[in-house]
Structures are given as structure tokens and as C-alpha cells.
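Just add 57 to wherever you are in the sequence shown, counting from 1, and you've got the working numbering.
Backbone N, C-alpha and C define an ideal beta-carbon position, used for all residues, glycine too.
Scroll down for the structure; my scribbles are underneath it.
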Amino acid sequence: MSAKDIYHDAVKNALIKAGWIIKADHYPIRYQEVKLFADLAGEKTLSATKGEQQIVVEIKSFNSPSPIREFETALGQYLIYQTFLAITHP
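This is the structure we're talking about:
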């Protein structure tokens, strides 16, 4: 697992204030032999539909000397997470 981003707590608190229930800090994403960790997983009850929304959040600050490189890494991470979650949680 990687270290928390400097904005981790601020994002987590904003989600809580917006009505999300944080289900996991460092949410595991598993597919076959691969195990990854997103920063947060949350859930929110929707009263109008009596259903639930779920989110997985990866927090990035882009504060290195090469923000383009960080963006490339974040985009790759997003695509991998999106693919694995689509397979494991259709």
C-alpha cells in the first residue's frame, strides 16, 4: 500500500459532509493474482430510489516536478481500476 496523499483527509471529510459513508480506507481491488488498493470506498443511500450508490476514490495531488508524468501514471491507474472493477463488480 502506498502512503496517503496530502489531500487524503480533506477529500475523506468532504465526502462525509456530502453524505457518503466511508466503507474502507485503502480499498482492495483484486483480480486474479493482482491486488491493488484505491484510497477510499464509500456508499451513499439514495432515498428517492431506495437504492445505493458506491464509489471508489483514488486521491492524487500532482505536486512533483513532472505533473505530466504524474497524470500519465494516474490515467493508467484509473484505467486499470475501472477495468478490474467492471469485471469484479458488474
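- Taking all protein chains shown into account, Leu132 has fewer than 16 neighbouring C-beta atoms within 10 Å of its C-beta and is therefore exposed.
- Take the alpha-carbon of Tyr138 and the one of Ile86: they are about 7 Å apart.
- Around the Cβ of Ala98, a 10 Å sphere holds 16 or more other Cβ atoms; the residue is buried.
- Counting C-beta atoms within 10 angstroms of its own C-beta, Asp96 has 16 or more neighbours from the protein chains shown and is therefore classed as buried.
- Taking C-alpha positions only, Asn120 is separated from His65 by approximately 14 Å.
- One thing to note: Ile73 has its Cβ no nearer than 7 Å to the Cβ of Glu100.
- Residue nearest to Phe94 within the set Pro147, Lys61, Ala143 is Lys61 (criterion: CA-CA distance).
- In this structure Lys80 is exposed. Its beta-carbon is surrounded by fewer than 16 other beta-carbon atoms within 10 angstroms.
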